[in-house]
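Student: Residue numbers (the working numbering), protein chains in the order written: chain A, 3 to 284; chain B, 1246 to 1537.
Handing you this structure, nothing more for now.
This is the structure in structure tokens:
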């Protein structure tokens, strides 16, 4: 009975919109053609999607973004966690300070980085000039725009990865380490054969949470490059938003969104089943 | 051995300081830029330290709050920032309250009662899976639904949607909490003649208050930061703070000092709230997967 409001809420504002989204994706709806311009077109939008070069480009961008941000944030976060996993005076306060980027309003962050990465007066190029690197066009060159977005995301979310893995490291049992050190294992062996396997469940959850969020990337791109130059940094969400709002075709926008949904859920289900299996074992 | 340990300690401190600089510098930059004169923004080398590198001024702040700043042209009118901040606050607080109420009731029942048809775990995972839906797959239907209901550009629409966005988090976190809570206290209250609601109100609620507060803080921050839904569902009256910032960057040449001031307004609540719940921050961020 207590559960009912929650279930109803999800049916109304979770499941229903999704089904409705699939329904919309089977329609031809052009807002510009006046109100009520709508007809059923079956799978036509999907056929269009498979031939849509721009969709595949944005899909590629999204995957490049997800894989590189999750991978790099994981490596950086783990490195930081391993180095800083020790008693340090005042370390706790610094850890709290470190997490701040992950909590900030993404549009404000995106805007901040537009200033920092500005090619003519941004501090980033100023810092690089100390080591003799000439000014870089971070956000306004097609070759670097996606990379710059990745950089911003790394800034935002590496602290999260770091704290997550650090907490995981501190929860590991100490005795297996002592045994290994007595047996004369090298630091690398300890890391490879004890730390990593023990940390594995935490790693999976951390990467899953990041990947799910990364697939949705929108805010940062919207305020920094708006997908440009051209479509060099456009994500699937950006494209769907542009189709629906700028080009006013709701039907086709829904089709793009449905495809993204199918992909995220597939990835999510694979991961979740792994996590569930591990929880059942534990 | 001792020297190598000492070396590692120093190394750790250096890494920590470099990391702190890298992760906090952009925040410093935003805040200081909001105190710069327009001419101090595009100079080279970039000025970093107020009073030393540049003469700080309040003009950006005056003009976003509607005062007669010297750079008034194209700036925000005072009522605009007040309105968007008020909107964001109302949306954040109401959607958080709704999500906490509905979500913790569901969480409590999932943790305490057995349901016949489905396993409790399955229901919990189903609720969790709602979080994985990409928002863009929901936002177009929301747009059409609220348009039909004539609710576009209303606070209520955004509140409803943000509640749905935060519910999985609340249910998941509070379920973990209730599962850890010893049953005995509730059972003895039941024996003493308390109804289910009596137990909830007199026993469970006081015990759950700290966790509820933490979860609420996270919900508020998520709602405060959200852009995509607000972008589709509102355009003027119910505009939120992130939209104000996002809208500003698309104008021809952005008024950096003004947006910096508005951005500073936007990032203050998350920073304050983060330090407020610092003890539970890891637990909250990791959906309870790791207890920090």
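For every residue, glycine included, the Cβ atom is placed at its ideal position computed from N, Cα and C.
Residues of chain B with CB closer than 8 Å to the CB of residue 270(A), please, in chain order.
Tutor: Those are 1374 and 1377, listed as they occur along chain B.
Student: Residue 32(A) bridges to which residues according to DSSP?
Tutor: DSSP, once it has assigned bridges, lists 251(A) as partnering residue 32(A).
Student: Do residue 168(A) and residue 99(A) have their CB atoms nearer than 9 Å?
Tutor: Contact: no.
Student: For residue 136(A), count the other beta carbons within 10 Å of its own beta carbon; 16 or more makes it buried, fewer makes it exposed. Which is it?
Tutor: It counts as exposed.
Student: Comparing the C-beta of residue 1383(B) with each C-beta of chain A, is any distance below 9 Å?
Tutor: By this cut-off, residue 1383(B) is an interface position.
Student: Answer yes if the segment 1454-1463 of chain B comes into contact with the segment 1476-1496 of chain B, meaning at least three C-beta pairs across the two stretches below 8 Å, and no otherwise.
Tutor: Counting Cβ pairs under 8 Å, fewer than three are found: no touch.
Student: What span of residues does the beta strand (DSSP E) with residue 56(A) cover, start to end?
Tutor: Run containing residue 56(A): none in the beta strand (DSSP E); it sits in the alpha helix (DSSP H), 55-86.
Student: Within 10 Å of its beta-carbon, does residue 243(A) have 16 or more other beta-carbons around it, so buried, or fewer, so exposed?
Tutor: So residue 243(A) counts as buried.
Student: Under the three-state reduction of DSSP, which class applies to residue 1570(B): helix, strand or coil?
Tutor: Within the shown structure, residues of chain B are numbered from 1246 to 1537, placing residue 1570(B) beyond reach of any answer.
Student: Between residue 1293(B) and chain A, is any beta-carbon pair separated by less than 9 Å?
Tutor: Judged by the 9 Å Cβ criterion, residue 1293(B) is in contact with chain A.
Student: Alpha carbon to alpha carbon, how far is residue 1429(B) from residue 1440(B)?
Tutor: Cα to Cα, the separation comes out at about 15 Å.
Student: Would you decide whether residue 191(A) is buried or exposed? Buried here means 16 or more other CB atoms lie within 10 Å of its CB.
Tutor: Answer is exposed; the Cβ neighbour count stays below 16.
Student: If contact means a Cβ-Cβ distance below 8 Å, which residues of the segment 1271-1284 of chain B contact chain A?
Tutor: If the cut-off is 8 Å between Cβ atoms, the segment 1271-1284 of chain B has 1271, 1272, 1274, 1275 and 1278 near chain A.
Student: Is residue 116(A) close to chain B? Criterion is C-beta to C-beta, closer than 9 Å.
Tutor: For residue 116(A), the answer is yes, since a Cβ of chain B falls inside 9 Å of its Cβ.
Student: Straight-line CA distance for residue 64(A) to residue 230(A)?
Tutor: Spanning the two alpha carbons is a distance of roughly 14 Å.
Student: Please list, in chain order, the chain B residues whose beta carbon lies closer than 9 Å to that of residue 235(A).
Tutor: Correct list: empty, because the minimum Cβ distance to chain B is about 15 Å.
Student: Between which residues of its own chain and residue 200(A) is the CB-CB distance below 6 Å, once the five residues before and five after are set aside?
Tutor: Cβ neighbours of residue 200(A) beyond the five flanking positions: 174.
Student: Indicate the three-state DSSP secondary structure (helix, strand or coil) for residue 1296(B) in the structure shown.
Tutor: Reduced to three states, the DSSP call for residue 1296(B) is coil.
Student: Closest by CA to residue 1277(B), which one among 103(A), 75(A) and 118(A)?
Tutor: Here the closest residue by C-alpha is 118(A).
Student: Can you give the Cα-Cα distance for residue 78(A) and residue 1367(B), rounded to whole angstroms?
Tutor: About 35 Å.
Student: From what residue to what residue does the alpha helix (DSSP H) around residue 191(A) run?
Tutor: 189-192 is the span of the alpha helix (DSSP H), which, as asked, contains residue 191(A).
Student: To the nearest angstrom, how far is the alpha carbon of residue 21(A) from that of residue 92(A)?
Tutor: Rounded to the nearest angstrom, the two C-alpha atoms are 51 Å apart.
Student: If we define contact as Cβ-Cβ less than 9 Å, is residue 88(A) a contact residue for chain B?
Tutor: For residue 88(A), the answer is yes, since a Cβ of chain B falls inside 9 Å of its Cβ.
Student: Whose C-alpha, out of 166(A), 112(A), 270(A) and 74(A), is nearest the C-alpha of residue 217(A)?
Tutor: Nearest option by C-alpha distance: 270(A).
Student: Looking at the C-beta of residue 1304(B), does it have a partner C-beta in chain A at a distance below 9 Å?
Tutor: So, not an interface residue.
Student: Hey, residue 105(A) and residue 1519(B): beta-carbon distance below 9 Å or not?
Tutor: Cβ distance < 9 Å, so residue 105(A) and residue 1519(B) count as in contact.
Student: Between which two residues does the beta strand (DSSP E) containing residue 41(A) stretch?
Tutor: Run containing residue 41(A): 40-42, per the beta strand (DSSP E) assignment.
Student: Using a 10 Å radius around the Cβ and a threshold of 16 neighbouring Cβ atoms, would you call residue 1377(B) buried or exposed?
Tutor: Residue 1377(B) comes out buried.
Student: Quick one: give me the first and last residue of the alpha helix (DSSP H) that residue 1392(B) is part of.
Tutor: Residues 1380-1393.
Student: To the nearest angstrom, how far is the alpha carbon of residue 264(A) from that of residue 208(A)?
Tutor: Roughly 22 Å between the two C-alpha positions.
Student: Verify the CB distance criterion: does residue 1389(B) have a CB-CB separation below 9 Å to chain A?
Tutor: Yes, because at least one Cβ of chain A sits closer than 9 Å to the Cβ of residue 1389(B).
Student: Under 8 Å: do the segment 1420-1436 of chain B and the segment 1296-1313 of chain B share three or more Cβ pairs, one atom per stretch?
Tutor: Short answer: they don't touch.
Student: Apart from the five residues on each side of it in sequence, which residues of its chain come closer than 6 Å, Cβ to Cβ, to residue 1351(B)?
Tutor: Hits under 6 Å: 1416.
Student: Since residue 239(A) and residue 155(A) should fall inside the 8 Å C-beta cutoff, what is the C-beta to C-beta distance between them, to a whole number of angstroms?
Tutor: No, residue 239(A) and residue 155(A) are not in contact; Cβ-Cβ is about 14 Å, not under 8 Å.
Student: Within 10 angstroms of its Cβ, does residue 1333(B) collect 16 or more other Cβ (buried), or is it exposed?
Tutor: Flag for residue 1333(B) reads buried.
Student: So, are the CB atoms of residue 127(A) and residue 253(A) less than 9 Å apart?
Tutor: No, the Cβ-Cβ distance between residue 127(A) and residue 253(A) is not below 9 Å.
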